[in-house]
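Participant: Residue numbers (the working numbering), protein chains in the order written: chain A, 29 to 716; chain B, 18 to 177. We put the CB at the ideal spot given by N, CA and C, even for glycine. Because the structure is a prediction, the values reported are computed rather than measured.
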Amino acid sequence: MDDNFPFVDKYKTDGMFHVQIVRAEIPRGRIESWDTSKLPEEVLFFSAEDLPGKNELSLLSETMPLLAAKEVNYQGEPLFLLASKSSESLEEAKKKIRIDYETDFSLLAFEPSSSDQVIDRVSLVRGSEERNYGSGTQIIEAQYRTSSETHIGRAPLGAFTYWENERLVVHTPSHWPYHVRGSVADVLKISPSKVKVIQSNPSPAYGEKVFYPSLVSAMAALVTLKTGSPARLLLSPEEVERFTTKKAPVEVNRTSVIDENGTILAEDVHLRFNVGAYPMFTRELLIRAAISSGNFYHIPNINITVEAIRTSAPPMNLYRGLGVAQSLFATEVHSSRLAEFSQLNPGDWKIEHASKRRIITGSEIKKMPLPELLKQVLEKSDFYRKHSAYELTRKRRSSIKTSRSTLRGIGVSSGFTGNGFTEKPTGDFNWGISAVLDSKDRLSIECGTLNIPRAIQDIWKRKAAEILGISTDSVEIIDGDTDSLPDSGPMMLGMPVSVYTSLVERCCTYIRKQRFHKPLPIRVHRNIPAARKNVWNRESLEGLPYQSLSWGAVVTEVELDPLTLMPEVRGVWASFDCGLIYDTSYAVSIAEAGIYEALAWSMGEERGSPRYYQDYSLENPETLYLRLPPVSVHFLNQSRGVPGGINEIAESLVPASFITAMSQAAGVYFDRIPLTPELIHGYLEEQT
Amino acid sequence: MRLHFILNGRYVDVTTQPSTRLVDLLHDQLDIESLHPACYGGECGNCAIIFNGDLVYSCLIPAFAAQDASIYTYEGIVKSAGYADIQRGFQEENSFPCRYCLASKVVITQSILENNQDPDRQEIMEVLSGTYCSCTNLNKMTKGIIKAAYHRRRSSYGRK
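(1) Tell me which residues share the same chain as tryptophan 564 of chain A and place their Cβ nearer than 6 Å to its Cβ, disregarding the 5 neighbours each side in the sequence.
(2) Since aspartate 611 of chain A and aspartate 486 of chain A should fall inside the 8 Å C-beta cutoff, what is the C-beta to C-beta distance between them, to a whole number of angstroms?
(3) Exposed or buried, which one is threonine 189 of chain A when buried takes at least 16 other CB atoms within 10 Å?
(4) Going by CA-CA distance only, name the one from A/Asn302, A/Leu402, A/Val36, A/Arg424 that's closest to proline 140 of chain A.
(5) Output the distance between the C-alpha atoms of serine 409 of chain A and proline 265 of chain A, rounded to the nearest integer angstrom.
(6) Does the beta-carbon of glycine 104 of chain A have 16 or more other beta-carbons within 10 angstroms, so that it is buried, or is it exposed?
(7) Do isoleucine 623 of chain A and valine 586 of chain A have their C-beta atoms closer together than 8 Å?
(8) Suppose you measure from the CA of phenylalanine 107 of chain B to the CA of alanine 165 of chain B; what does that come to, to the nearest Å?
(9) For glycine 57 of chain A, which residues from the same chain have a beta carbon less than 6 Å from its beta carbon, with the 5 sequence-adjacent residues on both sides left out?
(10) Of all the options A/Leu94, A/Gly437, A/Ala276, A/Gln666, which has the alpha carbon lying nearest to the alpha carbon of aspartate 214 of chain A?
(11) Quick check on this structure: which residue in B/Lys122, B/Tyr28, B/Ser75, B/Arg169 has the alpha carbon closest to the alpha carbon of tyrosine 44 of chain B?
(12) Compute the Euclidean distance between the alpha carbons of aspartate 376 of chain A and serine 86 of chain A, then round it to the nearest angstrom.
(13) Taking buried to mean at least 16 other C-beta atoms within 10 Å of its own C-beta, is alanine 97 of chain A buried or exposed?
(14) Who are the near neighbours of alanine 80 of chain B in its chain, counting only those whose CB is closer than 7 Å to its CB and skipping five residues on each side?
(15) Measure the alpha-carbon distance for lysine 384 of chain A versus serine 363 of chain A and round it to whole angstroms.
(16) Check the Cβ of arginine 270 of chain A against every Cβ in chain B and list those closer than 9 Å, keeping chain order.
(17) Taking only beta-carbon positions, decide if proline 80 of chain A is within less than 8 Å of chain B.
(18) Is DSSP giving phenylalanine 604 of chain A helix, strand or coil here?
(19) Taking the CB atoms as reference points, tell me whether glutamate 360 of chain A and isoleucine 330 of chain A lie closer together than 8 Å.
(20) Would you say alanine 65 of chain B and leucine 72 of chain B are within 8 Å of each other, going by their C-beta atoms?
(21) Do valine 238 of chain A and phenylalanine 74 of chain A count as a contact pair if the criterion is CB distance below 8 Å?
(22) In terms of residues, what are the limits of the beta strand (DSSP E) holding glutamine 166 of chain A?
(23) Between the stretch 437-450 of chain A and the stretch 310-324 of chain A, do three or more beta carbon pairs fall short of 8 Å?
(24) Where do the ends of the beta strand (DSSP E) carrying glutamine 227 of chain A lie?
(25) Restricting to Cα atoms, I'd like to know which of A/Leu478, A/Ser472, A/Asn479 is closest to lysine 489 of chain A.
(26) Would you identify the three-state DSSP class for aspartate 148 of chain A, choosing helix, strand or coil?
(27) Counting only beta-carbon separations shorter than 8 Å, does phenylalanine 309 of chain A have a partner in chain B?
(28) Measure from the alpha carbon of aspartate 507 of chain A to the alpha carbon of each residue in A/Arg482, A/Cys475, A/Gly522, A/Ile218, then state which is nearest.
(29) I think arginine 365 of chain A touches alanine 170 of chain A, with their Cβ atoms under 8 Å apart; what is that distance to the nearest whole Å?
(30) How about proline 399 of chain A and isoleucine 428 of chain A: are their beta carbons less than 8 Å apart?
(31) Got a sec? Which residues, its chain only, sit under 6 Å from tyrosine 100 of chain B by beta carbon, not counting five neighbours each side?
(32) Could you name the residues of chain B that glutamate 620 of chain A contacts, counting a contact when the two beta carbons are closer than 8 Å?
(33) Check the Cβ-Cβ distances between asparagine 25 of chain B and every residue of chain A, and say whether any is below 8 Å.
(34) Any C-beta of chain A sitting closer than 8 Å to the C-beta of tyrosine 117 of chain B?
(35) From what residue to what residue does the alpha helix (DSSP H) around tyrosine 711 of chain A run?
(36) Whole angstroms are fine: how far does the CA of serine 630 of chain A sit from the CA of glutamine 642 of chain A?
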């Protein structure tokens with residue numbers, strides 16, 4: 029294994045304390061009292077009262093408690109900590125704590141929910157709110173839903189803390205080590221300079237490695253502070269899976285007014301996200317979802333409202349895609365429906381709208397790639413012929429039950445996702461990258477988050493070598509900790525490939541200019557630029573919200589077995605414009621992985637047992653083998669622009685094209701994911 | 018109970034409890050760090066080992082079953098001459114998995130190539146169905162294994 033970058037469970041030392049979290053057994057209530065008198069002597073007990081500093085974890089102005097002081101807001105919420113030098117004694121010790129709750133509280137449900145549960149709201153309004161357009165117009169209303177998605181918590185998540193030279197050292201698999209440093213310092217009420225964070229291996233991750241490492245690090249650090257001994261807190265796979273972040277479920281209501289030519293005159297969109305008990309990163313999620321609800325459609329009168337609903341579930345917000353996949357799903361399924369009501373081919377309808385060259389926030393796109401992407405993917409998938417043929421078959425069929433052949437459908441979706449945050453770091457958030465060119469013409473790049481994928485490291489090395497005229501072997505990406513590396517912010521949302529790459533370029537360009545004017549070594553640091561008012565206004569949601577955009581168009585063809593109602597994906601065709609691509613083979617691999625992930629989510633697979641590409645042979649029905657649907661990925665304009673994220677756009681567009689294709693195959697409007705055979709059966713029964 | 022077996026070509030003599038799983042014995046007592054005891058249900062595949070020539074998930078096997086067995090893990094495979102073929106195949110197809118599941122993917126590939134130096138796509142898929150990691154593009158991984166098999170065949174004829 030790569031010993032330089034071990035996982036957190038490899039850290040241990042003699043005499044260390046093992047730490048475990050005592051979690052709430054009830055989903056909502058108040059802690060009345062607790063009794064620890066039966067705890068063995070060797071087991072130490074910590075509650076919120078033992079915290080010297082703040083009992084909270086904050087993330088971009090949103091907070092959640094480290095340990096519940098009185099109120100319990102979800103089942104599994106951390107209440108207390110137990111520490112012992114023997115890990116075996118902790119499980120038994122947990123059973124000996126008696127907690128009395130006052131449970132006279134009603135649960136906060138998502139469906140239905142009350143207005144009191146709305147903890148944040150974002151509105152994006154353009155044009156008039158008048159919706160009376162008279163005769164010749166159609167009003168189309170629909171509701172869409174997506175469920176939660178849980179990752180498998182297999183990779184270790186935890187923290188190992190100890191004192192070294194009067195400083196607290198923390199090993200944890202964080203995607204944002206400086207957030208760990210700040211959180212530990214706040215909770216222990218010590219100076220951040222007294223805390224050193226060394227990143228352990230954080231791969232793979234779905235979003236849970238952004239702030240949960242800060243939470244467990246603060247807990248382990250408390251034990252080290254109180255005892256003076258090393259402490260290790262490792263979450264069990266079950267804890268990671270049940271109590272860390274998930275993809276937030278959403279309910280979307282869309283009402284559209286279209287004229288006889290299929291032009292959208294006005295639209296009202298209302299999204300409600302179930303964000304669980306605490307709103308971490310919720311504002312960013314809402315803004316991203318609002319932008320994706322408008323997508324690239326130029327609608328003169330639109331009213332988008334996105335709400336975060338607080339419920340009694342564990343926090344569900346910071347997950348890959350951050351609201352975009354759910355929002356784009358509803359937008360694109362609805363747009364295909366509007367095309368159908370307008371009696372237009374969905375491909376043509378989307379190309380027509382893409383020609384407006386604007387996104388919902390009003391930003392003009394000078395080189396709009398979408399019409400070309402759509403044309404490319406429609407042609408490669410033979411969309412027009414297949415769509416017409418399947419449509420004809422659907423209309424001629426009297427009932428799905430009497431159908432003797434398999435049912436087929438094809439769907440298309442298109443749109444964009446953003447790279448980087450909509451909140452440009454300013455003030456406290458000086459996220460950046462440093463570079464040093466030494467006297468031997470060797471360049472060192474310092475980035476505060478390690479575990480940058482190899483392909484992205486290659487991009488940086490090539491870019492730097494190209495600008496400075498040195499060999500790629502002379503460029504090194506430095507390992508380190510919070511003492512030696514700058515704060516580069518959290519590694520997510522396409523940041524490494526788009527945002528950090530442009531910072532590397534800026535550092536190298538500066539060094540090139542100074543190279544023969546200043547003595548070597550030359551050190552330079554570049555921060556992510558703050559937002560300029562004329563480019564993006566986060567309050568009014570106007571302008572270009574992201575550092576760069578990744579564009580895509582996806583066609584999915586499906587087949588539905590009328591007997592088993594088991595869908596099968598016959599093929600996926602995808603075209604993307606994600607800016608500059610150095611390594612096409614790697615980019616295709618990332619896109620394919622995103623497409624397979626999205627198919628698994630769309631078909632309701634439990635991660636780890638993907639049914640959608642399993643098959644069996646009739647000769648030996650007990651043998652299951654994997655059969656991946658054929659995927660064809662193409663890139664446009666891959667030799668220009670800033671590199672952009674690929675995985676998110678691939679993952680976000682597939683669900684809508686899959687559901688649209690399934691709707692055509694079955695002749696029923698499906699409006700939710702995941703779509704399982706059981707759910708298809710329910711829809712068909714409802715239809716008859 | 019006392020156990021002795023061959024681990025990565027070396028004789029091992031160890032004492033453990035009858036209820037211990039093989040993955041825990043290897044990981045906790047014998048410091049085989051490439052194994053990730055996580056699901057304990059044979060779902061994730063991150064504890065794959067070669068046990069008497071067969072690919073098995075060590076979380077599903079009691080430690081006492083290892084008596085007199087021959088066990089190979091990632092640590093043993095990387096020291097073998099055949100590892101270069103696997104590394105080359107993965108590199109050429111850009112199918113290197115993340116650091117978390119790299120070890121299990123290497124063990125799986127070695128197991129496939131030990132049984133068949135010209136595996137087809139379906140055979141590879143069948144074996145890969147027992148593993149899961151979000152980093153893995155199974156399509157790419159299959160191509161990587163086929164390429165590794167190609168290099169293994171060439172190596173066995175003394176070609177580079």
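Facilitator: So, from the listed chains and residues:
(1) Gly571, Leu572, Pro573
(2) The beta-carbon separation of aspartate 611 of chain A and aspartate 486 of chain A, rounded to 7 Å, stays under the 8 Å limit for a contact.
(3) buried
(4) A/Asn302
(5) Their Cα atoms are separated by approximately 41 Å.
(6) Glycine 104 of chain A is buried by the Cβ-count criterion.
(7) no
(8) 7 Å
(9) Val100, Tyr129, Glu130, Thr131, Phe133
(10) A/Leu94
(11) In the sequence under discussion, the amino acid at residue 44 of chain B is histidine, which differs from the tyrosine named in the question. Taking histidine 44 of chain B as reference, the option from B/Lys122, B/Tyr28, B/Ser75, B/Arg169 with the minimal CA-CA separation is B/Ser75.
(12) Computed Cα separation, rounded: 47 Å.
(13) exposed
(14) Leu20, Thr33, Thr37, Arg38, Leu39, Leu42
(15) 16 Å
(16) Ordered by position in chain B, no residue passes the 9 Å Cβ test against arginine 270 of chain A, which lies about 14 Å from the chain.
(17) With 8 Å as the cut-off, proline 80 of chain A does not count as an interface residue toward chain B.
(18) strand
(19) One thing to note: glutamate 360 of chain A has its Cβ no nearer than 8 Å to the Cβ of isoleucine 330 of chain A.
(20) Yes, they are a contact pair.
(21) no
(22) 166-174
(23) yes
(24) Taken as a continuous stretch (DSSP letters only), the beta strand (DSSP E) holding glutamine 227 of chain A covers 223-227.
(25) A/Ser472
(26) strand
(27) no
(28) A/Cys475
(29) Contact flag correct, Cβ pair sits at about 6 Å.
(30) no
(31) Ile94
(32) Ordered by position in chain B, the residues that pass the 8 Å Cβ test against glutamate 620 of chain A are Asn154, Asn156, Lys157.
(33) no
(34) yes
(35) 705-715
(36) Confidence at glutamine 642 of chain A is low in this model, with a pLDDT of 43, below 50, so the placement of that residue should be treated as unreliable; the coordinate-derived value is given next. C-alpha separation (whole angstroms): 15 Å.
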